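For reference, the structure discussed in these notes is given below.
Number of protein chains: 2
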Amino acid sequence: MLNTSSEFKNAMRRDQHAVNKGTILKSEGDETHARLYVEEGWLAASKSLEDGHQQIIEFILPGETYDPTAMNGKTSFLQIEALCDAVIAPIGKTAWARWLQEDPDLRKSERLRDLAAQARQSERMLRLGQASAETRVAYVLIELFIRVSEGGNQCHGKFHVPLSQQQIGDFTGLSSVHVCRTLRRLNRAGVIKTGDRMDILIEDLPKLAQLAQVDIVALRDEITTDAA
Amino acid sequence: MLNTSSEFKNAMRRDQHAVNKGTILKSEGDETHARLYVEEGWLAASKSLEDGHQQIIEFILPGETYDPTAMNGKTSFLQIEALCDAVIAPIGKTAWARWLQEDPDLRKSERLRDLAAQARQSERMLRLGQASAETRVAYVLIELFIRVSEGGNQCHGKFHVPLSQQQIGDFTGLSSVHVCRTLRRLNRAGVIKTGDRMDILIEDLPKLAQLAQVDIVALRDEITTDAA
DNA sequence: CGTTCAGTTGAGTTGCTTCAACCCGTGTGG
DNA sequence: CCACACGGGTTGAAGCAACTCAACTGAACG
């Protein structure tokens with residue numbers, strides 16, 4: 001999905017290292033890398049309030065990159081955590097700047113990535129602020145479904161997300177208890193079928209999209225960088 | 001705040017035009033401009049659900065620019081509206097690209113702008129998902145206070161926002177009624193004093209910051225592009 | 001002087017939260 | 001091998017924060 005120079009890909013392959021589930025990555029201090037590439041596993045970027053409540057701002061899926069930089073190159077303003085065992089590759093600031101300089105394709109794909117990320121955030125804010133629990137949960141299922149099947153992984157509505165209901169709650173702004181109830185209701189209504197530790201099977205995609213209040217085709221266009 | 005080439009500034013001055021309060025700008029269709037510069041007045045970028053509920057994603061203040069482009073240069077995925085009479089200058093795609101190409105300072109200030117915008121969005125999502133009405137309202141007051149006093153407009157905690165309580169509600173994810181009650185409570189507690197049509201006087205900034213759960217100094221650094 | 005529009009306040013409702021108990025699959029140490 | 005702890009998920013009960021509905025106020029305006 002990041003079809004750029006092979007030098008770029010090779011570099012990312014070179015610096016890979018594994019991180020365990022639950023590890024919190026700190027990019028503060030040295031701040032020598034401009035970007036995080038995820039080869040395997042899921043990460044979450046989150047912020048928290050003093051009272052302990054945390055909001056997951058973004059999930060970072062395999063094959064995606066993320067820029068944890070804050071203003072002025074100071075400490076990162078959000079926390080990045082491995083949601084399961086993962087393999088990541090940090091990309092150095094100077095190398096990144098050089099690639100960006102030299103490779104117009106990379107610049108372009110970066111711009112598309114940014115726009116997609118922003119579109120996703122807008123959709124989420126809309127639902128965070130205005131939608132019911134049912135709509136929020138339906139939406140996250142659809143967003144994740146679209147993202148895991150991006151790049152042509154046909155999976156006929158069956159997929160797995162390495163998230164606890166607590167984490168879905170932190171993403172949707174709901175309590176884990178209410179996430180559970182809402183998922184149960186969707187199950188009972190025959191819209192989805194959930195299996196072990198968040199195995200999802202979407203049984204009635206149109207119905208789910210209606211609950212999420214999205215137009216799937218338009219949404220896929222908006223939030224992914226697929227050329228298709 | 002956008003200290004770039006004078007050619008750039010002149011071009012923006014040339015193409016200015018006025019829009020009336022309530023006007024909805026459509027950037028769809030031709031899609032020849034890459035950016036919107038606001039000389040005067042406030043704009044809001046929002047999205048809405050089918051049921052009519054809308055979420056304001058961002059306010060655009062005088063002196064700021066905004067990129068309404070969606071994926072693939074297709075139709076804009078959000079709606080931009082003038083919150084009061086305003087003067088704006090659209091910036092053409094090709095000219096913008098050329099400036100960006102030629103002017104390293106503009107590229108840098110653009111990057112800072114992006115980071116600040118993203119930091120603001122993260123803060124808002126955190127509160128949208130996890131915080132009480134009181135915290136959300138206190139936060140929006142502080143964010144807007146910081147932004148209107150950016151660039152050294154010292155105003156000793158006194159400022160004006162051209163927003164109805166309904167619009168504050170659309171921004172914070174609350175009903176206008178509840179925004180009203182929350183503001184009243186803040187008034188009674190002596191934290192702020194509200195005057196005609198959203199004239200705000202912050203009487204106890206530390207207390208307001210505590211309610212908003214923010215560290216003002218850190219927040220200012222994070223969400224603005226001030227060099228200071 | 002009537003109309004309109006934003007803000008204010010009260011009353012009643014509800015959707016989501018919190019707390020708590022319980023279940024189940026997995027891992028672990030005596 | 002059993003006992004036990006542990007982390008997630010599920011469910012019920014009770015509480016409350018924010019919502020809706022509705023009435024009223026006051027300012028702005030033709």
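So the sequence lines, in the order shown, correspond to chains A and B.
Heads up: the first sequence begins at 1 in UniProt numbering, then just goes up one per residue.
Heads up: the second sequence begins at 1 in UniProt numbering, then just goes up one per residue.
Using N, Cα and C, we set each Cβ at its ideal position, and we do this for glycine too.
Predicted model only: the values in this text are computed from it and were never measured.
Residues of its chain near A:Leu163, where Cβ-Cβ distance is below 7 angstroms and the 5 sequence neighbours each way are ignored: Leu83, Met198
Closer than 7 angstroms at the beta carbon, the chain B residues around A:Gly129: Correct list: Gln55, Leu128, Gly173.
B:Glu64 versus A:Leu186 - alpha carbon distance: 44 angstroms
A:His173 classed as buried or exposed, judged by whether at least 16 other C-beta atoms fall within 10 angstroms: Here residue 173 of chain A is Gly; the residue named in the question, His, does not match the sequence. So A:Gly173 ends up on the buried side.
Burial state of A:Val177 (16 or more Cβ within 10 Å): exposed
Chain A within 8 angstroms of B:Lys207, Cβ atoms only: At a cut-off of 8 angstroms, the C-beta of B:Lys207 has no neighbouring C-beta in chain A.
Nearest-angstrom Cα separation, counted from B:Ser149 out to B:Pro90: When rounded, the distance between both Cα atoms is 25 angstroms.
Whole-angstrom C-beta distance between B:Leu208 and B:Ala138, which should lie under 8 angstroms: 5 angstroms
Beta-carbon gap between A:Asn153 and A:Asp85 smaller than 8 angstroms: no
Inter-residue CB distance, A:Ala119 and A:Ile223 (contact presumed, cutoff 8 angstroms): 5 angstroms
B:Gln167, buried or exposed, once every other Cβ within 10 Å from all chains shown has been counted against 16: buried
Proximal chain A residues relative to B:Gln213, where beta-carbon distance stays under 9 angstroms: Within 9 angstroms of the CB of B:Gln213, the CB atoms of chain A belong to Leu49, Glu50, Asp51, in sequence order along the chain.
With 16 other Cβ atoms within 10 Å as the buried cut-off, status of B:Ile24: B:Ile24 should be labelled exposed.
Enclosing beta strand (DSSP E) for B:Arg197 [first to last residue]: No beta strand (DSSP E) holds B:Arg197; DSSP gives it neither H nor E.
Residues that B:Leu36 contacts on chain A, provided the C-beta gap is smaller than 8 angstroms: Those do not exist, as B:Leu36 stays about 15 angstroms from chain A at its closest Cβ, beyond 8 angstroms.
Within-8 angstroms CB hit, B:Ser176 to chain A: Output row for B:Ser176: interface = no.
Status (buried if at least 16 other CB within 10 Å, exposed otherwise) for A:Thr32: Exposed, since its Cβ has fewer than 16 Cβ neighbours within 10 Å.
Whole-angstrom distance between A:Leu128 and B:Thr194, CA atom to CA atom: 28 angstroms
Exposure of A:Asp67, with buried meaning 16 or more beta-carbon neighbours within 10 Å: By the 10 Å Cβ count, A:Asp67 comes out buried.
The segment 100-115 of chain A: positions lying closer than 9 angstroms to chain B by Cβ: Within the segment 100-115 of chain A, the residues whose Cβ lies closer than 9 angstroms to any Cβ of chain B are, in chain order, Leu112, Asp114, Leu115.
Reduced DSSP category for A:Phe77 - H, G, I as helix; E, B as strand; rest coil: coil
Option in B:Glu110, B:Glu143, B:Glu102 with minimal Cα separation from B:Gln121: B:Glu143
Supposed close pair A:Ile49, B:Leu141 - CB separation, criterion 8 angstroms: Inspection of the sequence shows that residue 49 of chain A is occupied by Leu rather than by Ile. Wrong, their Cβ atoms sit about 17 angstroms apart, outside the cutoff.
Interface flag, B:Glu81 vs chain A, CB-CB below 8 angstroms: no
Backbone CA spacing between A:Ala18 and A:Asp105 [nearest angstrom]: 29 angstroms
Closest residue to B:Ile216 among B:Arg147, B:Ile200, B:Gly169, B:Gln165 (Cα-Cα distance): Residue nearest to B:Ile216 within the set B:Arg147, B:Ile200, B:Gly169, B:Gln165 is B:Arg147 (criterion: CA-CA distance).
Interface positions of the segment 143-167 of chain B facing chain A (Cβ-Cβ less than 8 angstroms), listed along the chain: none
B:Thr65, DSSP secondary structure in three states: strand
Residues bridged to A:Ser149 (per DSSP): A:Ser149 is not bridged to any residue.
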